[in-house]
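Q: Residue numbers (UniProt numbering), protein chains in the order written: chain Z, 1 to 309; chain F, 1 to 309.
This structure is in structure tokens; I'll ask about it shortly.
2 protein chains.
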Amino acid sequence: MFEQLGLIGCGLMGGSFALALKRAGLVRRVVGYSKSPLTLSRARALGVIDVEAPSALLAVSGADLVLLALPVAATEDTFKAVRHLLGAQALLMDVGSTKADVVAAARRTLGAHLPQFVPAHPIAGKEVAGIEHADADLYRGCQVILTPLPETAPQQSARAQQLWQALGAQVRLMDAQDHDAAYAAVSHLPHLLAFAAVNALGQQRAGRQWLELAGPGFRDFSRIAASDPVIWRDILQANAAEVLAQSRQFRAALDALEAAMQHSDGSALQKLIAHASALRSQWQPASGATAPDSIFAPCTKPPSSTCPP
Amino acid sequence: MFEQLGLIGCGLMGGSFALALKRAGLVRRVVGYSKSPLTLSRARALGVIDVEAPSALLAVSGADLVLLALPVAATEDTFKAVRHLLGAQALLMDVGSTKADVVAAARRTLGAHLPQFVPAHPIAGKEVAGIEHADADLYRGCQVILTPLPETAPQQSARAQQLWQALGAQVRLMDAQDHDAAYAAVSHLPHLLAFAAVNALGQQRAGRQWLELAGPGFRDFSRIAASDPVIWRDILQANAAEVLAQSRQFRAALDALEAAMQHSDGSALQKLIAHASALRSQWQPASGATAPDSIFAPCTKPPSSTCPP
Numbered sequence: 001m002f003e004q005l006g007l008i009g010c011g012l013m014g015g016s017f018a019l020a021l022k023r024a025g026l027v028r029r030v031v032g033y034s035k036s037p038l039t040l041s042r043a044r045a046l047g048v049i050d051v052e053a054p055s056a057l058l059a060v061s062g063a064d065l066v067l068l069a070l071p072v073a074a075t076e077d078t079f080k081a082v083r084h085l086l087g088a089q090a091l092l093m094d095v096g097s098t099k100a101d102v103v104a105a106a107r108r109t110l111g112a113h114l115p116q117f118v119p120a121h122p123i124a125g126k127e128v129a130g131i132e133h134a135d136a137d138l139y140r141g142c143q144v145i146l147t148p149l150p151e152t153a154p155q156q157s158a159r160a161q162q163l164w165q166a167l168g169a170q171v172r173l174m175d176a177q178d179h180d181a182a183y184a185a186v187s188h189l190p191h192l193l194a195f196a197a198v199n200a201l202g203q204q205r206a207g208r209q210w211l212e213l214a215g216p217g218f219r220d221f222s223r224i225a226a227s228d229p230v231i232w233r234d235i236l237q238a239n240a241a242e243v244l245a246q247s248r249q250f251r252a253a254l255d256a257l258e259a260a261m262q263h264s265d266g267s268a269l270q271k272l273i274a275h276a277s278a279l280r281s282q283w284q285p286a287s288g289a290t291a292p293d294s295i296f297a298p299c300t301k302p303p304s305s306t307c308p309p
Numbered sequence: 001m002f003e004q005l006g007l008i009g010c011g012l013m014g015g016s017f018a019l020a021l022k023r024a025g026l027v028r029r030v031v032g033y034s035k036s037p038l039t040l041s042r043a044r045a046l047g048v049i050d051v052e053a054p055s056a057l058l059a060v061s062g063a064d065l066v067l068l069a070l071p072v073a074a075t076e077d078t079f080k081a082v083r084h085l086l087g088a089q090a091l092l093m094d095v096g097s098t099k100a101d102v103v104a105a106a107r108r109t110l111g112a113h114l115p116q117f118v119p120a121h122p123i124a125g126k127e128v129a130g131i132e133h134a135d136a137d138l139y140r141g142c143q144v145i146l147t148p149l150p151e152t153a154p155q156q157s158a159r160a161q162q163l164w165q166a167l168g169a170q171v172r173l174m175d176a177q178d179h180d181a182a183y184a185a186v187s188h189l190p191h192l193l194a195f196a197a198v199n200a201l202g203q204q205r206a207g208r209q210w211l212e213l214a215g216p217g218f219r220d221f222s223r224i225a226a227s228d229p230v231i232w233r234d235i236l237q238a239n240a241a242e243v244l245a246q247s248r249q250f251r252a253a254l255d256a257l258e259a260a261m262q263h264s265d266g267s268a269l270q271k272l273i274a275h276a277s278a279l280r281s282q283w284q285p286a287s288g289a290t291a292p293d294s295i296f297a298p299c300t301k302p303p304s305s306t307c308p309p
């Protein structure tokens with residue numbers, strides 16, 4: 001049980017965390033800060049936060065749990081802004097989709113508070129952003145990757161694990177660099193490709209007309225192209241080297257498919273498609289599980305449709 | 001009302017058509033043919049077809065409605081195999097995802113029967129193939145593109161429209177070449193990209209491990225990569241020129257995004273993502289509608305989840 005969550009950033013991710021924590025009865029009070037006054041007052045009107053803080057620093061003041069839920073490039077400045085009032089026992093987390101850059105920012109700024117920081121990346125989201133889409137079930141049944149530093153205090157790392165498990169998530173521990181390599185492949189590159197595919201339609205004269213003809217395949221393939229531009233600008237910049245390396249792998253695989261098409265080599269083409277089809281058919285998204293030994297209240301609701309099996 | 005549907009190909013598309021027609025009370029008898037005896041007997045056991053035909057020719061014999069539901073490359077040989085017993089009044093359709101090649105095959109083979117052929121492409125499907133996934137609701141609420149030839153008899157074209165509308169689909173008429181250009185952009189290229197993205201993971205040592213970390217974004221983006229290899233080999237080969245042209249457009253859009261990443265040009269990157277995000281957010285899949293003046297029984301059930309709004 002936490003006394004006070006200091007929530008910095010009141011968007012989909014942060015708002016959903018606050019709602020989930022409240023519903024689970026794991027926090028007494030949520031003090032929120034957003035650089036947008038409109039978002040902040042909306043967060044309070046929606047009951048996501050209890051108190052509007054006039055600054056990030058004041059949201060952190062008195063908090064025993066602090067969550068940064070911001071575009072990743074804002075992490076370093078936010079650490080600088082809040083470190084002076086961060087309580088010595090508070091658990092500090094983020095929810096950024098890249099981890100090596102966030103860890104580097106923490107090392108540069110947190111000083112004696114570094115052991116309190118447990119970098120987190122919940123594998124959840126929607127293609128819509130904003131506090132009005134905050135959902136207490138967003139993290140239920142999803143994976144949450146934690147990338148603690150060697151300096152992270154083991155008891156803070158354990159608290160972070162138990163907290164996410166209490167929200168219905170399945171927790172994995174990883175090295176930050178390994179995390180960034182993996183998510184470049186399974187998340188950041190797919191977003192980049194979806195952005196490119198939609199822009200390719202937009203740049204053609206008939207593109208908008210063609211869009212009217214698109215069906216459920218296009219709908220699902222392109223869903224992530226509707227993601228938030230600032231959040232994804234930051235992710236693609238923070239993890240550019242890994243994403244560009246994955247794009248080279250992708251282009252090689254695309255080249256192979258196109259070569260088979262150009263040479264009318266049906267057998268090679270079928271083999272390449274069969275390989276993709278088999279790999280994708282066998283794949284199952286990781287399902288969440290609640291650790292039975294959680295010190296927090298156990299989850300009883302079934303997984304939501306946000307990340308179904 | 002049709003007396004007899006001659007169904008050639010008892011997979012997801014053909015089986016769903018037969019089930020939908022039966023449920024709507026629009027056909028008295030379904031005679032099916034599959035080159036796989038196992039599939040054929042399963043189709044009968046599942047009640048999708050009433051009679052097993054020993055050949056495509058015999059499935060067509062006596063039919064006043066004939067549907068080819070095969071990988072598109074099999075169209076020409078099938079036309080040759082069945083034309084001798086095709087009744088003079090029968091309506092002949094296919095469900096292929098490419099249309100110019102199917103029209104060319106019809107011109108080369110159907111002779112005096114050419115006016116009976118109404119090429120059709122229902123924008124429906126699942127990432128799973130096979131008769132066991134046949135679904136009477138597959139076409140409900142979906143678009144069906146018809147690409148009649150100048151030689152197509154207007155009354156056959158009208159029957160085809162009314163038939164698909166009676167199954168709950170929204171019918172559009174298009175030129176076959178225009179169809180292939182549009183679907184290269186909104187369907188065939190997305191499939192090619194999804195195949196390449198999954199193969200890119202498969203070709204890396206850590207790929208399978210990374211897949212365990214993938215979430216709902218990857219799930220939706222890559223769903224179509226699980227599609228049937230033979231069907232998609234044929235589609236990509238039949239429409240290779242258009243698909244390769246769309247891939248060049250896509251690569252140009254990807255180049256622009258990567259250039260912004262390489263130059264750490266956050267403003268350009270954000271602008272490119274914002275363009276994709278806005279275009280995709282505004283997009284809505286076309287919803288089906290039943291024409292009120294259909295001569296067939298009107299549909300009363302709401303659209304299924306197969307191609308939701």
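Glycine included, every Cβ here is placed at the ideal spot set by N, Cα and C.
Count the other CB atoms within 10 Å of the CB of Z:R233; is the residue buried (16 or more) or exposed (fewer)?
A: Looking up residue 233 of chain Z in the first sequence gives position 233. That one is buried.
Q: Shorter than 9 angstroms from the beta carbon of Z:K271 to some beta carbon of chain F?
A: Counted from its first residue, the first sequence places residue 271 of chain Z at position 271. For Z:K271, the answer is yes, since a Cβ of chain F falls inside 9 angstroms of its Cβ.
Q: Kindly indicate which residue of Z:D180, Z:V186, Z:G15 and Z:S187 has the alpha-carbon position closest to the one of Z:A45.
A: Here residue 45 of chain Z corresponds to residue number 45 of the first sequence, with the count starting at 1. Residue Z:G15 is the option with its Cα nearest to Z:A45.
Q: So F:E258 contacts chain Z; which residues on that side make the cut at Cβ distance below 7 angstroms?
A: Counting from one through the second sequence, the residue named residue 258 of chain F turns up at place 258. Near F:E258 (Cβ distances below 7 angstroms), the residues of chain Z are L244 and S247.
Q: Starting from Z:L213, follow the alpha helix (DSSP H) in both directions and report where the run begins and ends.
A: Within the first sequence, numbered from 1, the residue matching residue 213 of chain Z stands at position 213. That residue, Z:L213, is in no alpha helix (DSSP H); it is neither H nor E in DSSP.
Q: By the criterion of Cβ-Cβ separation under 9 angstroms, what are the contact partners of F:C142 in chain Z?
A: Within the second sequence, the letter at position 142 stands for residue 142 of chain F. Going along chain Z in sequence order, the residues near F:C142 (Cβ under 9 angstroms) are G215 and P216.
Q: Would the beta-carbon of Z:D94 fall within 9 angstroms of that of Z:V102?
A: Taking the first residue of the first sequence as 1, we reach residue 94 of chain Z at position 94. Taking the first residue of the first sequence as 1, we reach residue 102 of chain Z at position 102. Contact flag set, yes.
Q: By DSSP's criteria, F:D94 is part of a beta bridge. Which residues make up the other side?
A: Translated into positions along the second sequence, residue 94 of chain F becomes position 94. Paired residue(s): F:L68.
Q: Is any beta-carbon of chain Z found at less than 9 angstroms from that of F:F17?
A: The residue you call residue 17 of chain F lines up with position 17 of the second sequence. Chain Z, which has no Cβ nearer than 9 angstroms to the Cβ of F:F17, makes this no.
Q: Can you list the residues of chain Z that F:W283 reaches, using a CB-CB cut of under 7 angstroms?
A: Here residue 283 of chain F corresponds to residue number 283 of the second sequence, with the count starting at 1. Under the 7 angstroms cutoff, chain Z gives L211.
Q: Considering only the beta carbon of each residue, do F:Y139 and F:F17 sit closer than 9 angstroms?
A: Residue mapping note: residue 139 of chain F aligns to position 139 of the second sequence, counting from 1. Residue mapping note: residue 17 of chain F aligns to position 17 of the second sequence, counting from 1. For F:Y139 and F:F17, yes; Cβs fall inside 9 angstroms.
Q: Please report whether the beta-carbon of Z:Y183 lies at a distance below 9 angstroms from any beta-carbon of chain F.
A: Along the first sequence, one-based indexing puts residue 183 of chain Z at 183. At least one chain F Cβ lies under 9 angstroms of Z:Y183.
Q: By how many angstroms is the C-alpha of Z:I123 removed from the C-alpha of Z:R28?
A: As a first step, residue 28 of chain Z is located in the first sequence; it is residue number 28 there, counting from the start. As a first step, residue 123 of chain Z is located in the first sequence; it is residue number 123 there, counting from the start. Rounded to the nearest angstrom, the two C-alpha atoms are 26 angstroms apart.
Q: Just verifying my parser: in three-state terms, what is the DSSP assignment at Z:R29?
A: Residue numbering aside, residue 29 of chain Z sits at position 29 when the first sequence is read from its first letter. Strand, per DSSP.
Q: Could you check if Z:R280 is buried or exposed, using at least 16 other CB atoms within 10 Å of its CB as the buried criterion?
A: Walking along the first sequence from the start, residue 280 of chain Z turns up at place 280. Buried is the call here.
Q: So is Z:Q155 buried or exposed if we call it buried at 16+ other beta carbons inside 10 Å?
A: In the first sequence, counting from the first residue as 1, residue 155 of chain Z sits at position 155. It counts as exposed.
Q: So, is the C-beta of F:W232 closer than 9 angstroms to a C-beta in chain Z?
A: Against the second sequence, residue 232 of chain F aligns to sequence position 232. So, interface residue.
Q: How many angstroms separate the CA atom of Z:R159 from the CA atom of Z:G168?
A: Position 159 of the first sequence holds residue 159 of chain Z. Position 168 of the first sequence holds residue 168 of chain Z. So the alpha carbons of these two residues sit roughly 15 angstroms apart.
Q: List, in chain order, every chain F residue whose beta-carbon is nearer than 8 angstroms to that of Z:P190.
A: Against the first sequence, residue 190 of chain Z aligns to sequence position 190. Going along chain F in sequence order, the residues near Z:P190 (Cβ under 8 angstroms) are A197, G217, F218, F221 and S222.
Q: Does the beta carbon of Z:L5 fall short of 8 angstroms from some heavy atom of the ligand SAM?
A: For the ligand SAM, the structure offers nothing, since it holds no ligand at all.
Q: If F:E258 and Z:L244 are in contact, beta carbons under 8 angstroms, what's the gap, nearest whole angstrom?
A: Walking along the second sequence from the start, residue 258 of chain F turns up at place 258. Walking along the first sequence from the start, residue 244 of chain Z turns up at place 244. The pair is a contact, with the Cβ atoms about 6 angstroms apart (cut-off 8 angstroms).
Q: Would you grab the beta carbon distance between F:L19 and F:V48 for me? Rounded to a whole angstrom, and I think it's under 8 angstroms.
A: The residue labelled residue 19 of chain F in the question sits at position 19 within the second sequence. The residue labelled residue 48 of chain F in the question sits at position 48 within the second sequence. Indeed they touch by this definition, with Cβ atoms about 6 angstroms apart.
Q: Evaluate the contact criterion for the segment 105 to 117 of chain Z versus the segment 71 to 86 of chain Z: three or more CB pairs, one atom per stretch, below 8 angstroms.
A: Yes, since at least three Cβ pairs between the segment 105 to 117 of chain Z and the segment 71 to 86 of chain Z fall closer than 8 angstroms, the two stretches touch.
Q: Would you mind reading off the limits of the beta strand (DSSP E) that contains Z:H121?
A: By 1-based counting over the first sequence, the position of residue 121 of chain Z is 121. A120 to P122 is the span of the beta strand (DSSP E), which, as asked, contains Z:H121.
Q: Under the rule that 16 or more other beta-carbon atoms within 10 Å means buried, what is Z:M1, buried or exposed?
A: As a first step, residue 1 of chain Z is located in the first sequence; it is residue number 1 there, counting from the start. It counts as exposed.
Q: How would you list, in chain order, the residues of chain Z whose beta-carbon sits under 7 angstroms from the beta-carbon of F:R205?
A: Looking up residue 205 of chain F in the second sequence gives position 205. Within chain Z, no residue comes near F:R205; the closest Cβ sits about 11 angstroms away, beyond 7 angstroms.
Q: Report the partner residues of F:L251 according to the DSSP bridge assignment.
A: Locating residue 251 of chain F in the second sequence gives position 251, where the first residue counts as 1. The question names Leu, yet the displayed sequence has Arg at residue 251 of chain F. Looking at the DSSP assignment, F:R251 forms no beta bridge with any residue, so it has no partner.
Q: Within 9 angstroms (strictly less), CB to CB, does F:M13 reach chain Z?
A: Locating residue 13 of chain F in the second sequence gives position 13, counting from the first residue. Chain Z, which has no Cβ nearer than 9 angstroms to the Cβ of F:M13, makes this no.
Q: Could you tell me which chain Z residues have their CB closer than 9 angstroms to the CB of F:L236, listed as they occur along the chain?
A: In the second sequence, counting from the first residue as 1, residue 236 of chain F sits at position 236. Within 9 angstroms Cβ-Cβ: L257, A260, M261, L269 and I273.
Q: Could you tell me the alpha carbon to alpha carbon distance between Z:A129 and Z:R42, rounded to whole angstroms?
A: Here residue 129 of chain Z refers to the residue found at position 129 when the first sequence is read from its first residue. Here residue 42 of chain Z refers to the residue found at position 42 when the first sequence is read from its first residue. Cα to Cα, Z:A129 sits roughly 14 angstroms from Z:R42.
Q: Over the uninterrupted beta strand (DSSP E) stretch that includes Z:I8, give me the two end residues.
A: As a first step, residue 8 of chain Z must be located in the first sequence, where it is residue number 8. Unbroken beta strand (DSSP E) run through Z:I8: F2 to I8.
Q: Could you tell me which of Z:A185, Z:R205, Z:W210 and Z:A176 sits nearest to F:L189, measuring between CA atoms?
A: For the purposes of this step, residue 189 of chain F is identified with residue 189 of the second sequence, where counting begins at 1. Checking every option, the nearest Cα to that of F:L189 belongs to Z:W210.
Q: Comparing the C-beta of Z:E76 with each C-beta of chain F, is any distance below 9 angstroms?
A: If you number the first sequence from 1, residue 76 of chain Z lands on position 76. By this cut-off, Z:E76 is not an interface position.
Q: Would a check of beta-carbon distances place F:E127 closer than 9 angstroms to chain Z?
A: Stepping through the second sequence from its first residue, residue 127 of chain F is reached at position 127. Yes, because at least one Cβ of chain Z sits closer than 9 angstroms to the Cβ of F:E127.
Q: What residue range does the beta strand (DSSP E) around Z:V170 cover?
A: Along the first sequence, one-based indexing puts residue 170 of chain Z at 170. Rather than Val, the amino acid found at residue 170 of chain Z in this sequence is Gln. Where Z:Q170 is concerned, the enclosing beta strand (DSSP E) stretches over Q170 to L173.
Q: For Z:G266, return the contacting residues in chain F, with the cut-off set at a CB-CB distance below 9 angstroms.
A: The residue given as residue 266 of chain Z occupies position 266 in the first sequence. Per Cβ cutoff of 9 angstroms: A73, R233, D234 and Q237.
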